[in-house]
Amino acid sequence: MKQSASNRKVNEQAREVIASILLFDVSDPRLHLVTITGCEVSYDRSVCNVYYTTDPERYAGAQAAFEAAAGHIRSLMAKKLAWRVAPELRFYIDHSVDQAEAIGAALASEREHQEKRIEEETTAEDREF
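Numbering of the sequence shown is given in our numbering, commencing with residue 7 and proceeding in unit increments.
Okay, structure coming up:
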């Protein structure tokens, strides 16, 4: 879906407010070291999809904590934003960070393999002379 500049601004505003709430207003230890990677607010501002990431072994705990704290986060968000409606918050795990790490690890492994192959070829050429 194509986003307008005003919609991107609303999405970023929602992301900043939710990240601030997690940092300063929520004391649940399961939500520490959780990063809000993005928000998608509907055009009528009734729903906000919140995307987050954390360590893969903490996904279940973070999801449970978000489900428990969604109402509290929503009310704090309504106080901080001058929107007519406090959006319903839906929390989703952002797997793109995990995929990027996997791609980075694969590229590093391939680079190491290539360097090792070049070193072996160079050593073999030196032995021939």
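Glycine residues also receive a C-beta, built at the ideal position from the N, C-alpha and C atoms.
Given a cut-off of 8 Å, decide if A75 and V40 are closer than it, judged by their beta-carbon atoms. Counted from its first residue, the sequence shown places residue 40 at position 34. Counted from its first residue, the sequence shown places residue 75 at position 69. A75 is positioned such that its CB atom lies no closer than 8 Å to that of V40.
First and last residue of the alpha helix (DSSP H) that includes L82? For the purposes of this step, residue 82 is taken as residue 76 along the sequence shown, with counting starting at 1. Here the alpha helix (DSSP H) through L82 covers Y65 to K86.
Cβ of P93 within 8 Å of Cβ of S52? The sequence position of residue 93 within the sequence shown is 87, counting from 1. The sequence position of residue 52 within the sequence shown is 46, counting from 1. Yes, these two residues count as a Cβ contact at 8 Å.
At which residues does the beta strand (DSSP E) containing V56 begin and terminate? Working through the sequence shown from its first residue, we reach residue 56 at position 50. Looking at the DSSP string, the run of the beta strand (DSSP E) that includes V56 is V53 to T59.
Going by DSSP, name the residue or residues bridged to I162. An answer regarding residue 162 cannot be provided, because it is not within the stretch 7 to 135 covered by the chain.
In angstroms, rounded to a whole number, what distance separates the CA positions of L95 and R80? Position 89 of the sequence shown, counted from the start, is the residue given in the question as residue 95. Position 74 of the sequence shown, counted from the start, is the residue given in the question as residue 80. The straight-line gap from Cα to Cα measures roughly 7 Å.
Straight-line CA distance for E127 to E107? Within the sequence shown, residue 127 is the residue found at index 121, counting from 1. Within the sequence shown, residue 107 is the residue found at index 101, counting from 1. Whole-angstrom Cα-Cα distance: 30 Å.
Cβ neighbour criterion (16 or more within 10 Å) applied to T60: As a first step, residue 60 is located in the sequence shown; it is residue number 54 there, counting from the start. Answer is buried; the Cβ neighbour count reaches 16.
Identity of the residues DSSP links to E94 by a beta bridge: Stepping through the sequence shown from its first residue, residue 94 is reached at position 88. Residue pairing by DSSP places E94 opposite V53 in a beta bridge.
Check whether the Cβ atoms of D34 and A71 lie closer than 8 Å to each other. Looking up residue 34 in the sequence shown gives position 28. Looking up residue 71 in the sequence shown gives position 65. Pairing D34 with A71 gives a Cβ-Cβ distance under 8 Å.
For the putative contact between Y58 and A66, defined by C-beta atoms under 8 Å, what is the C-beta separation to the nearest angstrom? For the purposes of this step, residue 58 is taken as residue 52 along the sequence shown, with counting starting at 1. For the purposes of this step, residue 66 is taken as residue 60 along the sequence shown, with counting starting at 1. Contact flag wrong, Cβ pair sits at about 13 Å.
Can the beta-carbon of P62 be found less than 8 Å from the beta-carbon of D100? Counting from 1 along the sequence shown, the entry for residue 62 is found at position 56. Counting from 1 along the sequence shown, the entry for residue 100 is found at position 94. Taking 8 Å as the cut-off, the Cβ atoms of P62 and D100 do not count as close.
Is the Cβ-Cβ distance between V47 and F97 less than 8 Å? For the purposes of this step, residue 47 is taken as the residue at position 41 of the sequence shown. For the purposes of this step, residue 97 is taken as the residue at position 91 of the sequence shown. No, Cβ-Cβ distance for V47 and F97 is not below 8 Å.
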